[in-house]
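Notes follow once the structure below has been shown.
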Amino acid sequence: MPIIDASVHVFFPGNGDLRGFMHEPYKSRGFPDYEMDWYGAPGGEYVTWAQRDGMYPGSDPDFTARQLFSERKIDLAILHPMTRGMMPDRHLGTALAAAHNEMLARRWLEHDTYGERFRGTIRVVPDDIDGALKEIERWKDHPRMVQIGIPLQSHALYGKPQFWPLWEAAADAGLPVAVHTEVGSGIDNAPTPSGVPRTYPHYFTFMALNYVYHLMNMIAEGVFERYRDLRIVFADGAGDMVTPFIWRMDTFGRPHLEQTPWAPEMPGDYLPGHVYFIHGSMDGPGDRPEASEWLRMTGKEDMVMFGSSYPHWHAADHRELPSAWTGEQREKVLSGNAAKLYGLQDALTGGGSRKQVTHP
Amino acid sequence: MPTNRLPTGREHVVCADDEIPPGTHKVFPIGRHGVGVYNVNGVFYAIANYCPHEGGPLCSGRTRGRSVVSDRAPGGASVVRDGEFVYCPWHQWGFELATGTTAVKPEWSIRTYPVRVVDHKIIVTA
Amino acid sequence: MTFSEIRERAAGTGQAPVRVVDSDVHPVPKPGMLVEYLPEAGRKAFDHKIGDTIFYDAPDYAHAKAMRVDAFVPGGGFPGSDPDLAFRQLVVEAGSDVGILEPGGRSHFLPEVNSAIMTAVNHWIDNHWLDKTNNWHGRWRGSICASIDDPRGTAREIEYWAGHPYMSQILIKAEPRPAWGDPKYDPVWAAAVKHDLPVSCHLSRSRHEELPMPPVGFPSYNHDFMVTYSLLAANQVQSLIFDGVFERFPTLKIILVEHAFTWILPLMWRMDAVWAARKSDVPHVRRKPSDYVKDHIWFTTQPLDYPEDKLELTNALEWMEADKILLFSSDYPHWTFDDPRWVIKHIPERMRTAIMRDNGIAVYKNVPQTVPAIEGQTIAY
Chain L
16 MPIIDASVHV
26 FFPGNGDLRG
36 FMHEPYKSRG
46 FPDYEMDWYG
56 APGGEYVTWA
66 QRDGMYPGSD
76 PDFTARQLFS
86 ERKIDLAILH
96 PMTRGMMPDR
106 HLGTALAAAH
116 NEMLARRWLE
126 HDTYGERFRG
136 TIRVVPDDID
146 GALKEIERWK
156 DHPRMVQIGI
166 PLQSHALYGK
176 PQFWPLWEAA
186 ADAGLPVAVH
196 TEVGSGIDNA
206 PTPSGVPRTY
216 PHYFTFMALN
226 YVYHLMNMIA
236 EGVFERYRDL
246 RIVFADGAGD
256 MVTPFIWRMD
266 TFGRPHLEQT
276 PWAPEMPGDY
286 LPGHVYFIHG
296 SMDGPGDRPE
306 ASEWLRMTGK
316 EDMVMFGSSY
326 PHWHAADHRE
336 LPSAWTGEQR
346 EKVLSGNAAK
356 LYGLQDALTG
366 GGSRKQVTHP
Chain D
8 MPTNRLPTGR
18 EHVVCADDEI
28 PPGTHKVFPI
38 GRHGVGVYNV
48 NGVFYAIANY
58 CPHEGGPLCS
68 GRTRGRSVVS
78 DRAPGGASVV
88 RDGEFVYCPW
98 HQWGFELATG
108 TTAVKPEWSI
118 RTYPVRVVDH
128 KIIVTA
Chain B
13 MTFSEIRERA
23 AGTGQAPVRV
33 VDSDVHPVPK
43 PGMLVEYLPE
53 AGRKAFDHKI
63 GDTIFYDAPD
73 YAHAKAMRVD
83 AFVPGGGFPG
93 SDPDLAFRQL
103 VVEAGSDVGI
113 LEPGGRSHFL
123 PEVNSAIMTA
133 VNHWIDNHWL
143 DKTNNWHGRW
153 RGSICASIDD
163 PRGTAREIEY
173 WAGHPYMSQI
183 LIKAEPRPAW
193 GDPKYDPVWA
203 AAVKHDLPVS
213 CHLSRSRHEE
223 LPMPPVGFPS
233 YNHDFMVTYS
243 LLAANQVQSL
253 IFDGVFERFP
263 TLKIILVEHA
273 FTWILPLMWR
283 MDAVWAARKS
293 DVPHVRRKPS
303 DYVKDHIWFT
313 TQPLDYPEDK
323 LELTNALEWM
333 EADKILLFSS
343 DYPHWTFDDP
353 RWVIKHIPER
363 MRTAIMRDNG
373 IAVYKNVPQT
383 VPAIEGQTIA
393 Y
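Protein sequence lines, in the order shown, are assigned to chains L, D and B. Sequence positions in the first sequence follow our numbering and run 16 to 375. Sequence positions in the second sequence follow our numbering and run 8 to 133. Sequence positions in the third sequence follow our numbering and run 13 to 393.
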């Protein structure tokens with residue numbers, strides 16, 4: 016059975032290397048490293064087996080490829096570079112994103128041996144729409160860039176109109192938009208609605224759930240009514256929460272549709288074909304008999320895609336999926352949904368993206 | 008509600024047609040919950056005074072229109088078809104009086120009854 | 013039957029078994045009544061004219077005021093301001109037997125002012141709903157309202173009311189920061205467990221970062237606001253568990269009112285998975301998070317959110333062991349009112365008496381097994 020790992024995080028090996036991909040005046044600016052200060056995982060952010068002396072985890076294409084493709088039998092990996100925090104200076108944010116996009120394309124997507132098995136994410140900064148549209152324009156026709164990536168953290172919910180040009184560009188380009196927690200330090204708010212959590216497990220349990228705020232707002236603002244080709248991937252997982260929250264949005268939201276005539280359908284009707292989730296190691300009921308029925312509910316079996324989040328400490332193993340899942344569910348989650356979303360069917364059957372890659 | 012209810016399943020002459028002017032309604036003690044007779048722009052409709060959602064007193068709710076996107080109006084929305092919908096006074100579910108169903112899918116239906124006017128008398132079959 | 017007829021016939025009819033414990037009823041003071049009970053510290057909140065403060069408005073707000081429109085008092089009076097009308101509509105017509113009263117109450121930015129307001133609310137409810145005249149039928153129970161952002165003031169308020177025969181719980185808010193696991197709140201839990209009173213929380217609204225403010229931006233409308241509001245409750249659950257509150261206070265009982273509840277199912281799975289992987293981060297958390305939920309936390313049935321396929325709700329109720337954690341509630345007289353006869357239809361039969369009655373009798377203080385019978389009362393199931 017083919018396996019697509021829909022969320023692998025890659026990094027620059029070091030700051031010197033990153034600055035090498037940047038132009039002045041941004042090259043000489045100050046910005047945070049990848050590691051989080053307040054909410055960094057105690058004991059280390061990455062799995063030990065992805066570490067090697069002198070190498071930043073997830074920064075070496077050959078090493079990563081051997082671990083994913085040879086050892087873990089992944090067929091295709093969708094690479095999602097983390098950038099460097101939510102920057103107050105949105106221009107600097109875009110410069111950092113652009114450097115990561117360039118590195119991703121040159122070093123990973125155009126790798127002589129493994130490039131055909133990597134796919135990439137165009138990182139953009141939602142606070143800099145102008146810069147984001149330029150980055151999308153620059154990379155959208157690269158044959159191995161398959162999605163756009165934005166941070167989960169924001170000061171405004173993604174249904175608000177200032178973000179609509181981003182959705183329009185993504186929909187026009189046929190590229191899904193992946194939303195994922197940005198690492199590093201920046202001007203993001205405290206991670207929970209009660210402020211700062213006291214423990215790491217509390218932080219980690221809650222942080223991913225912030226997508227619910229974005230999703231409900233996007234639905235109520237009619238984003239999916241307006242941009243019928245838009246697809247969003249919530250890449251921190253926690254797709255299980257969509258079931259109770261869409262029940263609530265349908266039940267409670269129904270009489271409120273009078274306040275939002277630009278979103279006339281029942282909220283739940285906007286999910287199919289628009290909303291997707293990564294399925295990681297903390298997702299699902301575990302190996303319980305109800306796991307199969309739970310996955311079927313709310314159409315989640317067509318929405319979730321296996322993603323390891325390699326090289327993070329919670330890196331998921333595709334061999335540890337619930338035994339109760341049907342063969343069809345397993346196929347969808349392991350590759351079918353991602354193949355359909357990102358147009359990878361040919362790549363899986365060996366057609367591959369062997370086109371000559373030209374530099375934009 | 009008064010305790011002397013009229014039986015269901017037959018024709019009831021409820022009142023004269025000029026007793027329910029356009030935009031108004033009256034509730035009559037027919038059946039278990041009562042029947043509301045509405046005048047919407049000169050056309051009469053009769054519905055059960057019972058919301059299929061949780062059993063609220065539907066005819067105690069307001070009649071209104073529905074909101075639509077309206078690019079010219081400030082705020083981008085306006086209301087059309089005023090008075091054609093009754094909204095339950097509990098959870099504000101809206102039902103179209105002419106069809107007896109919700110405009111929002113999935114459709115829920117309210118119980119409606121045939122109404123006709125003969126010699127200026129409103130007759131409800133319930 | 014008129015109200016006086018009901019009252020006349022109630023005398024001497026004996027006791028009836030409690031069938032429905034209603035965990036959420038909203039009494040409202042008549043205009044000017046609350047000010048009489050305000051201590052000096054609370055006067056600041058009432059020394060200037062205040063108009064409507066609504067934003068994130070429920071449907072048709074100008075006319076319905078987020079209430080059941082048929083609950084406005086004939087002759088004038090806001091829904092919930094007349095104990096007799098509440099008795100008739102909720103107890104007689106809908107069939108709730110015992111109603112746990114949960115007053116709202118405005119918030120002020122000064123904790124000591126909040127405490128003074130709560131003191132006033134408690135005296136008001138004692139005199140106007142729990143007194144012999146208004147509670148002649150013995151069915152109302154009250155909440156000791158307290159201001160969690162003033163933990164010592166809260167502990168004092170609990171001590172004052174703890175012996176009251178009709179106070180059944182403590183009532184706090186979830187919006188103040190930090191989350192409940194912070195040790196600064198320990199005096200509150202200590203006073204609660206000392207008197208074996210559950211601590212209940214009803215959703216509310218405050219200002220700024222305590223609206224509650226989502227970390228990623230403010231919602232646009234009442235529905236994206238109210239739906240995502242549950243994440244505040246979910247966050248408090250995570251704090252209680254991961255900060256070890258139930259280890260420090262092993263008999264503490266927490267009730268989350270009107271925060272919805274179906275989200276606790278996937279949250280229990282998620283917390284258990286994270287705890288299993290990160291135990292060394294929280295050595296003080298000795299049990300699986302879902303075990304703490306099932307032993308210490310209750311949720312009200314209202315608002316009952318459901319999918320089109322009711323079997324999915326039934327399955328979810330089974331998987332979350334809903335009979336261990338749910339309490340029936342109506343939210344009378346708000347517009348989101350759930351009728352007990354309607355709720356019953358959605359609960360698996362084997363769970364009905366637990367959720368409609370037994371859990372309420374067990375978790376609340378001073379809720380009896382029988383109450384004076386009322387002739388003509390609806391029997392909900």
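Glycine residues also receive a C-beta, built at the ideal position from the N, C-alpha and C atoms. Predicted model, so just to flag it, every value in this text is computed and none were measured.
Exercise for the section: Give me the Cα-Cα distance between L/Arg213 and B/Arg100, rounded to the nearest whole angstrom. Expected result: 47 Å
Handout entry: Residues that B/Met179 bridges to, as DSSP identifies them
Key = B/Gly154
Practice task
Give the range of the beta strand (DSSP E) segment to which L/Ala65 is assigned.
Solution key: No beta strand (DSSP E) contains L/Ala65, which DSSP labels as neither H nor E.
Practice task
Output the boundary residues of the alpha helix (DSSP H) element that contains B/Ile112.
Solution key: Looking at the DSSP string, B/Ile112 is not in any alpha helix (DSSP H); the run it does join, the beta strand (DSSP E), is 110 to 113.
Handout entry: Beta carbon of L/Gly191 nearer than 8 Å to that of L/Val248
Key = The displayed chain sequence assigns Pro, not Gly, to residue 191 of chain L. Yes. Within cutoff.
Problem - Chain-ordered chain B contacts of D/Gly7 [CB-CB under 7 Å] - result: For chain D, the structure presents residues 8 to 133; residue 7 of chain D sits outside this window and is missing.
Exercise for the section: Could you have a look at L/Thr196 and say whether DSSP puts it in helix, strand or coil? Expected result: coil
Handout entry: Pairwise C-alpha distance: B/Gly54 and B/Ala128
Key = 5 Å
Practice task
Look at the alpha carbon of L/Pro216 and the alpha carbon of B/Pro41, and state the distance between them as a whole number of angstroms.
Solution key: 43 Å
Practice task
Starting from the Cα of L/Met122, find the closest Cα among L/Pro208, L/Val25, L/Thr258 and give me that residue.
Solution key: Per the sequence shown, the amino acid found at residue 122 of chain L is Arg instead of Met. Measuring from the Cα of L/Arg122, the nearest candidate turns out to be L/Val25.
Exercise for the section: Label B/Gln381 either buried or exposed according to how many other C-beta atoms from any shown protein chain fall within 10 Å of its C-beta, with 16 as the threshold for buried. Expected result: exposed
Exercise for the section: Report yes if the CB atom of D/Tyr45 is closer than 8 Å to the CB atom of D/Arg69, and no otherwise. Expected result: Against a cut-off of 8 Å, the Cβ pair of D/Arg69 and D/Tyr45 comes out as no contact.
Problem - L/Ile151: first and last residue of the uninterrupted alpha helix (DSSP H) it sits in - result: L/Ile151 -> alpha helix (DSSP H) spans 144 to 154.
Problem - One or two residues paired with D/Glu103 in a DSSP bridge - result: D/Phe92
Practice task
Measuring only between beta-carbons, confirm whether D/Pro81 sits less than 8 Å from chain C.
Solution key: As a matter of chain content, chain C is missing from the structure shown, whose protein chains are L, D and B.
Exercise for the section: Assess, as a yes-or-no matter, whether the region 119 to 134 of chain B is touched by the region 277 to 295 of chain B under the definition of 3 or more beta carbon pairs within less than 8 Å. Expected result: no
Exercise for the section: Please state if the CB of B/Val103 and the CB of B/Arg151 are separated by a distance shorter than 8 Å. Expected result: yes
Practice task
Please confirm if D/Ile117 has its CB atom under 8 Å from at least one CB of chain L.
Solution key: no
Problem - Exposure of B/Phe67, with buried meaning 16 or more beta-carbon neighbours within 10 Å - result: exposed
Practice task
Write down every uninterrupted run of the alpha helix (DSSP H) in the region 118 to 174 of chain B whose length is 4 residues or greater and which is fully enclosed by it, in chain order.
Solution key: 123 to 140, 163 to 173
Problem - Per-residue burial, B/His60 [other beta carbons within 10 Å of its own, 16 or more giving buried] - result: exposed
Practice task
Could you say which of B/Lys300, B/Tyr318, B/Asp162 lies nearest to L/Thr266 if we only look at CA atoms?
Solution key: B/Tyr318
Exercise for the section: Report buried or exposed for L/Arg263, applying the criterion of at least 16 other Cβ atoms within 10 angstroms of its Cβ. Expected result: buried
Handout entry: C-beta neighbour in chain L for B/Gln248, strict 8 Å
Key = yes
Exercise for the section: Using the Cα positions of B/Glu361 and B/Val211, report the straight-line distance between them to the nearest angstrom. Expected result: Rounded to whole angstroms, the gap between the alpha carbons of B/Glu361 and B/Val211 is 28 Å.
Practice task
For chain B, find out if any of its Cβ atoms is closer than 8 Å to the Cβ of L/Thr308; answer yes or no.
Solution key: It should be noted that the sequence gives Glu, not Thr, for residue 308 of chain L. Yes - at least one Cβ of chain B is within 8 Å of the one on L/Glu308.
Exercise for the section: Tell me, to the nearest whole angstrom, how far the beta carbon of L/Pro326 is from that of L/Gly73; I am working on the premise that it is less than 8 Å. Expected result: 5 Å
Problem - L/Leu111 versus L/Ser323: straight-line alpha-carbon distance, rounded - result: 25 Å
Practice task
Report the option in L/Lys88, L/Glu240, L/Val211 whose CA atom is closest to the CA atom of B/Gln250.
Solution key: L/Val211
Exercise for the section: Look at the Cβ atom of B/Asp255, then the Cβ atom of B/Gly193, and state whether they are nearer than 8 Å. Expected result: yes
Handout entry: Beta-carbon neighbours of D/Val111, restricted to chain L and to distances below 7 Å
Key = Arg269, Leu272, Met281
Practice task
Say whether the region 255 to 275 of chain B touches the region 191 to 207 of chain B, bearing in mind that this needs 3 or more beta-carbon pairs closer than 8 Å, one atom from each stretch.
Solution key: Verdict: yes, contact present.
Problem - Run of the beta strand (DSSP E) containing D/Tyr45, from where it starts to where it stops - result: 42 to 47
Exercise for the section: Check the C-beta distance from B/Ala70 over to B/Ala78 and give it rounded, since I have them as a contact under 8 Å. Expected result: Correct: roughly 4 Å between the Cβ atoms.
Handout entry: Closest residue to B/Val375 among B/His149, B/Leu215, B/Ile267, B/Asp94 (Cα-Cα distance)
Key = B/Ile267
Problem - Reduced DSSP category for B/Trp201 - H, G, I as helix; E, B as strand; rest coil - result: helix
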